[in-house]
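As structure tokens, the structure follows; a few thoughts come after it.
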Amino acid sequence: MIQMFHVSKSYEGGVPALADITLKIGKGEFLFITGPSGAGKSTLLKIMFGSEPPTQGQLILDGRNYIKIPQPELPALRRRIGFVFQDFKLLPNKSVFDNVALSLKVMGIPPSDVKRRVARMLTYVKLQHRANFKPLQLSGGEQQRVAIARAMVKDPAIILADEPTGNLDPELSVQIIELFKEVNSRGTTVVIATHDKALIEKYARRTIALEGGRLVNA
Amino acid sequence: MRKSGSADFVYIISDALSSLKESKGTTALTSLTLGFSLAIFSLFVFVISNLNGVMEGWGEKTQIVVYVKDNVSSAEAMKDSIMKVAGVRGAEFVSKEKALSELKGALKGYEGILEGVDANPLPASFEIKVLEENNSPEGIAKVVGELKARDWAEDVQYSREWVEKLSAFIKFIQLAAIAMGVFLGAATLFIISNTIRLAVYARKDEIEIMKLVGASDMYVKVPFVLEGLIQGLFGGLLAMCILAVGRYAVLSEIPAYLRFAVEMPFSTVLFLAFLTGAGMLMGVAGSLISMNRFLKV
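One line per chain: the protein sequences are A and B, in this order.
So the first sequence is numbered by the numbering used here: it starts at 40 and just counts up by one.
So the second sequence is numbered by the numbering used here: it starts at 2 and just counts up by one.
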């Protein structure tokens, strides 16, 4: 599903964020990326998502060379990937319902289907009673779940989640990972970046570790 | 995955309308800036185009006077001869009697000076106006040269210095107007583009998020284009209102001879259409240019 060959990323001024990453993630796989803060976990996810171009290397996503995809085709590819951002990236002026619906609207899904699917997804993440709230009226954990709902509602082929349990208490963290597990059981590839060791140990899935931008086990 | 093109269109328009509702404050502020900037620029255009009209009026008054010899030719024949000179627009005959009565009028209170003058010593004359295209020092000199060659012409007079000074003054004013127009136009564009840029910048996160969830450039752009259009429309209408109210207030306060500065020099409908069109164009172009760099996510 995702293949990376010798991917490196340096930011302006030559600061290296990732160095020589070669990695293969199979279709339907559930993978944790772990490592300390600043190890390059977020950068790796952003490269997989196409929002950060690598400085070197190749990325094959679903059989297509992501590096060579022209800008106008990027939206179509992004609609197949659900991304849960560490800072949620919710639209503050829109309601919870509208934030989740945006994922479907940009795909041109008819309004009646949007309504049904968003309502079902909000029930799934236990936020149906918050549908008309604005994100800033919600707690950190609730905002996290809105971001997850927005990523999942479009039934993506891949879900990339950057520290999705970072703002949650242990009990809620488990609930969230259970959501990802359920989606994964229906065939969606799930990649989660986290530094929560307890969670990784509890679920015993394939885990790769980054340190200083390098892969230390794969 | 894609279900319906018409749903796309419905979402784009409905999202554009709802984002317009959410950004009422910014829209109002941008419209105000657009309106005032356009009004200032239009006022400048008014003053300059009216000043041009006034100066052309002065130029038209430039006259050549041909004094004619007594009893050489009839007034009609001389007028025909003058009108055949290239560059002449009109000629008015001033008979000896009329010249004397005009002199008497000018000497009102001092009529005694003329006592003892039996015969009329004043010559008849023609006051000549030249065509606009000949209203330059060179053009007038050419007409004067031809008039002097007429055998019935006693003398030809014109104010060479006045013509040259007026011509130089008009040229200076026109150059100054162009320079000021360019400066004011650039300042107007700068203010408007920066206002729009700030308004778009305030929403850069929204643009980024929409792009990250897979929105096409079109989906993101349409609300901004619509907002730009509406801001431009309101801005143009506001400029019109400011100009109309300003003109009314000024007209009732200033003396008649200064009114040229606020007269509408061209078709009102055309100017209103121009103002609205310019506002809308600036609104749309400003929004599109400002948001372009945020689309590359």
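By construction, the Cβ of each residue, glycine as well, lies at the ideal position given by its N, Cα and C atoms.
If you count every other CB in all the chains shown that lies within 10 Å of the CB of residue i, and 16 or more means buried, which is it?
| i | result |
| --- | --- |
| A/P93 | buried |
| B/R3 | Residue confidence for B/R3 is low, a pLDDT of 46 falling below 50, so the modelled location carries little weight; the figure read from the coordinates is stated next. Flag for B/R3 reads exposed. |
| B/I290 | exposed |
| A/M43 | buried |
| A/L249 | buried |
| A/Q110 | exposed |
| B/F235 | buried |
| A/R184 | buried |
| B/D119 | exposed |
| A/A190 | buried |
| A/K80 | buried |
| A/R169 | buried |
| A/N344 | Lying before the first or after the last residue shown, residue 344 of chain A is absent from chain A, which here runs from 40 to 257. |
| B/F184 | exposed |
| A/L175 | exposed |
| A/M87 | buried |
| B/Y249 | exposed |
| B/Y12 | buried |
| B/S126 | buried |
| A/G252 | buried |
| B/D152 | exposed |
| A/I198 | buried |
| B/D16 | buried |
| A/G121 | buried |
| B/S20 | buried |
Would a check of beta-carbon distances place residue i closer than 9 Å to chain B?
| i | result |
| --- | --- |
| A/N132 | yes |
| A/P114 | yes |
| A/P203 | no |
Closer than 7 Å by C-beta to residue i: which residues in its own chain qualify, once you throw out the five before and the five after it? Chain order, please.
| i | result |
| --- | --- |
| A/S49 | P55, A56, T94 |
| B/M241 | L273, L276 |
| B/I193 | T34, L35, S38, M283, G287 |
| A/G147 | none |
| B/K149 | V157 |
Quick one: is residue i near chain A, going by C-beta distance under 9 Å?
| i | result |
| --- | --- |
| B/E23 | yes |
| B/V183 | no |
| B/V298 | yes |
| B/M2 | Note that B/M2 scores 45 on pLDDT, short of 50, meaning its location in the model is unreliable and no value can be drawn from it. |
| B/V11 | yes |
Tell me which same chain residues have a C-beta within less than 8 Å of the C-beta of residue i, skipping the five on either side of it?
| i | result |
| --- | --- |
| A/R245 | E68, F69, L70, F71 |
| A/I239 | F71, T73, T233, T246 |
| A/L143 | D152, V153, R156, V157, V192, K193 |
| A/P75 | H234, E250 |
| A/N171 | S134, V135, F136 |
| B/K80 | A92, F94, F127 |
Here's a check: name, in chain order, each residue in its chain whose Cβ is nearer than 6 Å to the Cβ of residue i, leaving out the five neighbours to either side.
| i | result |
| --- | --- |
| A/K63 | Q42 |
| B/E93 | E128 |
| A/A186 | V123, F127 |
| B/T27 | A200 |
| B/M281 | L230, G233, L234 |
| A/I99 | Q42 |
* Anything in the stretch 200–223 of chain B with a Cβ closer than 8 Å to a Cβ of chain A? List those residues in chain order, please. => D206, E207, E209, I210, M211, K212, L213, V214, G215, A216, S217, D218, Y220
* **Interfacial residues, the stretch 84–112 of chain A to chain B, with Cβ spacing under 9 Å** => F88, S90, Q110, P111
* Which of the residues in the stretch 44–72 of chain A, read from start to end, lie with their CB under 7 Å from any CB of chain B? -> none
* **Contact list for the stretch 140–159 of chain A against chain B, Cβ threshold 8 Å** => L141, S142, K144, V145, M146, G147, I148, P149, P150, D152
* Quick one: which residues of the stretch 115–129 of chain A get their C-beta closer than 7 Å to a C-beta of chain B? List them in chain order. => R117, R118, F122, K128
* Output, in sequence order along the chain, the residues in the stretch 164–193 of chain A whose CB is closer than 9 Å to any CB in chain B. => R189, A190, K193
* Asked: If you scan the stretch 37–95 of chain B from start to end, which runs of the alpha helix (DSSP H) of 4 or more residues do you find wholly inside it?
  -> 76–84
* Ignoring anything shorter than 3 residues or poking outside the stretch 97–159 of chain A, list the beta strand (DSSP E) runs there in chain order. => 120–123
* To do: Just list the beta strand (DSSP E) runs in the stretch 165–249 of chain B, keeping only unbroken ones of 3 residues or longer that don't cross its boundaries, in chain order.
  => Secondary structure in the stretch 165–249 of chain B: no beta strand (DSSP E) run of 3 residues or longer lies completely within the stretch.
* Jot down the residue ranges of each uninterrupted beta strand (DSSP E) in the stretch 176–231 of chain A, minimum 3 residues, whole runs only, in chain order. => You should have 197–201.
* Would you mind listing the alpha helix (DSSP H) stretches within the stretch 132–167 of chain B that are 4+ residues and don't spill past its ends, in chain order? => 138–149
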